[in-house]
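Please read the structure below before turning to the comments.
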Amino acid sequence: MILALLSVVISLGFGAVSVDVRSILSILFGNASSDYYSIIWNIRLPRTLVAVFVGINLALSGALLQGVMRNPMADPHIIGVSSGAGLFGTAMLLVFPAFSHLLVPVAFIGALASALLIYMLAWDKGVSPMRIILAGVAASAFLNSGVSALYTFYSDRIQGAVSFMVGNLSAKSWGHVEIIIPYSIIGVILALLSAQRMNVLLLGDAESKSLGLNAEGYRLWFIAISALLAASAISIVGLLGFVGLIVPHAARLIVGNDYRILLPASALLGVAVLCLSDTIGRVAFAPIELPVGIIMGVIGAPFFLYLLRKKRTT
Amino acid sequence: MTLEARDVHIGYRDHKVVSALTLQFEAGKIHSILGPNGCGKSTLLKALGKQIQAAYGTILFKNSDINKWSRKAFARELAFLMQVHESNPEVTVRQLIEYGRFPHKKKFERLNQEDQAIVDQAITLTHLADLTERTVDSLSGGERQRAWIAMALAQQPGILLLDEPTSYLDIHHQLEIIELIKRLNVERGITIVLVLHDINQAAMISDQIIVLQSGRLYDCGLPRNVITQKMLRDVFNVDAEIKVSSESEAISVYDFRLIKG
Numbered sequence: 068m069i070l071a072l073l074s075v076v077i078s079l080g081f082g083a084v085s086v087d088v089r090s091i092l093s094i095l096f097g098n099a100s101s102d103y104y105s106i107i108w109n110i111r112l113p114r115t116l117v118a119v120f121v122g123i124n125l126a127l128s129g130a131l132l133q134g135v136m137r138n139p140m141a142d143p144h145i146i147g148v149s150s151g152a153g154l155f156g157t158a159m160l161l162v163f164p165a166f167s168h169l170l171v172p173v174a175f176i177g178a179l180a181s182a183l184l185i186y187m188l189a190w191d192k193g194v195s196p197m198r199i200i201l202a203g204v205a206a207s208a209f210l211n212s213g214v215s216a217l218y219t220f221y222s223d224r225i226q227g228a229v230s231f232m233v234g235n236l237s238a239k240s241w242g243h244v245e246i247i248i249p250y251s252i253i254g255v256i257l258a259l260l261s262a263q264r265m266n267v268l269l270l271g272d273a274e275s276k277s278l279g280l281n282a283e284g285y286r287l288w289f290i291a292i293s294a295l296l297a298a299s300a301i302s303i304v305g306l307l308g309f310v311g312l313i314v315p316h317a318a319r320l321i322v323g324n325d326y327r328i329l330l331p332a333s334a335l336l337g338v339a340v341l342c343l344s345d346t347i348g349r350v351a352f353a354p355i356e357l358p359v360g361i362i363m364g365v366i367g368a369p370f371f372l373y374l375l376r377k378k379r380t381t
Numbered sequence: 005m006t007l008e009a010r011d012v013h014i015g016y017r018d019h020k021v022v023s024a025l026t027l028q029f030e031a032g033k034i035h036s037i038l039g040p041n042g043c044g045k046s047t048l049l050k051a052l053g054k055q056i057q058a059a060y061g062t063i064l065f066k067n068s069d070i071n072k073w074s075r076k077a078f079a080r081e082l083a084f085l086m087q088v089h090e091s092n093p094e095v096t097v098r099q100l101i102e103y104g105r106f107p108h109k110k111k112f113e114r115l116n117q118e119d120q121a122i123v124d125q126a127i128t129l130t131h132l133a134d135l136t137e138r139t140v141d142s143l144s145g146g147e148r149q150r151a152w153i154a155m156a157l158a159q160q161p162g163i164l165l166l167d168e169p170t171s172y173l174d175i176h177h178q179l180e181i182i183e184l185i186k187r188l189n190v191e192r193g194i195t196i197v198l199v200l201h202d203i204n205q206a207a208m209i210s211d212q213i214i215v216l217q218s219g220r221l222y223d224c225g226l227p228r229n230v231i232t233q234k235m236l237r238d239v240f241n242v243d244a245e246i247k248v249s250s251e252s253e254a255i256s257v258y259d260f261r262l263i264k265g
């Protein structure tokens, strides 16, 4: 909690122009006369808020998927929800650039469509987590090759699409904040209210049935929430990898596997990680801004390997 | 009759596992299902526990079709424990047992003092008081089995279905579970239906023995009537000696030999 708030302040404070904490607070509480007002209010605050909501959404989405799949390696990337959004999003940017204002809904439809496709592919008198992951990996490969094909055909227009694929927080405005907020709020509320049912689902399909929970129905429910959260985040910042994978893991190491605690903890940690990564990206090689996706990848990949090794030794 | 199967056929895909079974499970008794591997014991138990649907025939619970029971209402009356758990969750024993209260709670209702008392009772019954703060994945096999049983007890079921509750346990822990089951039946009046491999253990605690062979009912009834040399030969393809104690009518089967050829 404290970490999350702190990271927000840091994210607001650092940048090409440094602003001290007191000025930030006074601006947040409505002081429009400060010299830094336009930097903070028009540039950094929306960007930071986007980072906050994207962090929450991706972390929750990952935590839910890991629970549903009973697999610590599940995240929106790996099971194909992201690549669905990616393909549709890229197609919009490259093939129909005139309609790029429809990017968010289209990417969202892509994510939901691929989530449903994967669910149907994995269906065989019920769905096992293992088959969902296999179907997800296959569908991901298929969709990603679609993305690559688009790049090849439209190589002249690739500029905007690249930043979409890498995941980027730069130049986010209040408009973006307004787009993501409703999805975030709905997704977060639904996820937190369902936390206890996730705990029961985690016991296993037969066990949760025995406790009176419709396992298959709730698995679909959680996948839908997770797709909603992931898609709204991806359609704004692009394919931001690893937040959904690392953050729930780190949170689990700290607070344990009770989803009533794990979900809020993941959300807060997601905020902290994303805000800090973005700040690092802005500051580390100033004046060049590194997309936050690159920072996340650089930190995320080694952490992922560390988890793999740790899992093997325990 | 608390649980009843009428002409039940169960199959996965085209493959019939259980055919034309008609069985009755009287309330307050212990019923053991015996049979060789692949005879459909677990499949039958799953169908009785509303885990899978019968392809044909009806299963009645408290005189109404189990398909008409809502899953949650059913879970308040009947608890089902499978043989191998998909995961041993990284939650404490107490938390696991608290999940047993889930079917009794409305959507967002929290556990109250009464629920906590029921959980405490389940802990006492299963002798888990020293282990409540340990995580389930850190327990030994026997302790883990007791923790799952405690969770089922917290459901306060009238009937408990257990699929091979003693497998993978050493003989001490097997007997511990068998005794616990007997105690739950005698002290709490819980009807028990379980799948067992050990014929002697089944004979020890059961009021009714049900023997399945290739998905069909071979015989059912009192242990001393069902556990016979003929049954062992027909169903398990083994010879054995059977001794019936004159005072207690307890049965022991020993000196097992494979029938070759």
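Going down the list, the sequences are from chains A and B. Offset between the first sequence (1-based) and the numbering used here: plus 67. Offset between the second sequence (1-based) and the numbering used here: plus 4. Don't be surprised by glycine CBs; every beta carbon is placed ideally from N, CA and C.
Got a sec: is the Cβ-Cβ distance from residue i to anything in chain B below 9 Å?
i: L287 of chain A; result: no
i: S277 of chain A; result: yes
i: G323 of chain A; result: yes
i: L260 of chain A; result: yes
i: V267 of chain A; result: yes
i: A273 of chain A; result: yes
i: Q133 of chain A; result: no
i: L280 of chain A; result: yes
i: L330 of chain A; result: no
i: Q263 of chain A; result: yes
i: L341 of chain A; result: no
Using 10 angstroms around the beta-carbon of residue i, count the other beta-carbons present and answer buried if the total reaches 16, otherwise exposed.
i: F260 of chain B; result: exposed
i: E183 of chain B; result: exposed
i: L372 of chain A; result: exposed
i: E253 of chain B; result: exposed
i: H131 of chain B; result: exposed
i: H384 of chain A; result: With chain A covering only 68 through 381, there is no way to say anything about residue 384 of chain A.
i: R187 of chain B; result: exposed
i: Y16 of chain B; result: exposed
i: K54 of chain B; result: buried
i: T346 of chain A; result: buried
i: Y172 of chain B; result: exposed
When you compare the CB of residue i with every CB in chain A, is at least one pair closer than 9 Å?
i: K264 of chain B; result: no
i: E118 of chain B; result: no
i: A156 of chain B; result: yes
i: R98 of chain B; result: no
i: S252 of chain B; result: no
i: F29 of chain B; result: no
Under 9 Å between the Cβ atoms of residue i and residue j?
i: D174 of chain B; j: G146 of chain B; result: yes
i: K72 of chain B; j: L280 of chain A; result: no
i: S275 of chain A; j: L268 of chain A; result: yes
i: K33 of chain B; j: D211 of chain B; result: yes
i: Y103 of chain B; j: A58 of chain B; result: no
i: S181 of chain A; j: A208 of chain A; result: no
i: G360 of chain A; j: L125 of chain A; result: no
i: F65 of chain B; j: L85 of chain B; result: no
i: V173 of chain A; j: A158 of chain A; result: yes
i: P143 of chain A; j: I301 of chain A; result: yes
i: I231 of chain B; j: T6 of chain B; result: no
i: L341 of chain A; j: L259 of chain A; result: no
i: V190 of chain B; j: L165 of chain B; result: no
i: V322 of chain A; j: L127 of chain A; result: no
i: V199 of chain B; j: D243 of chain B; result: no
i: I185 of chain A; j: A206 of chain A; result: yes
For residue i, which residues of its own chain have a beta-carbon under 8 Å away from its beta-carbon, when the five flanking residues on both sides are left out?
i: Y60 of chain B; result: D11, V12, H13
i: G39 of chain B; result: K45, V215, L216, Q217, Y222, V239
i: G134 of chain A; result: M265, L268, L269, F289, Y326
i: I303 of chain A; result: V117, V121, V171, K239, H243, I246, I247
Quick one: residues in its chain with C-beta nearer than 7 Å to the C-beta of residue i, no 5 flanking neighbours on either side, listed in chain order?
i: A317 of chain A; result: L336
Less than 6 Å between C-beta atoms, sequence neighbours within five positions excluded: which residues of the same chain meet that for residue i?
i: E4 of chain B; result: It is not possible to answer for residue 4 of chain B, since the shown part of chain B is limited to 5 through 265.
i: A262 of chain A; result: Y326, R327, L330
i: N241 of chain B; result: I263
i: L161 of chain A; result: L217, Y221, R224, A228
i: V119 of chain A; result: V338
Determine the extent of the alpha helix (DSSP H) in which residue i is found, giving its start and end residues.
i: A158 of chain B; result: 145-158
i: T195 of chain B; result: Run containing T195 of chain B: none in the alpha helix (DSSP H); it sits in the beta strand (DSSP E), 195-199.
i: R198 of chain A; result: 196-220
i: F29 of chain B; result: Element bounds for F29 of chain B: not the alpha helix (DSSP H) but the beta strand (DSSP E), 19-29.
i: F78 of chain B; result: 75-81
i: F120 of chain A; result: 112-136
What residue range is occupied by the uninterrupted beta strand (DSSP E) comprising residue i?
i: I34 of chain B; result: 34-38
i: R10 of chain B; result: 7-16
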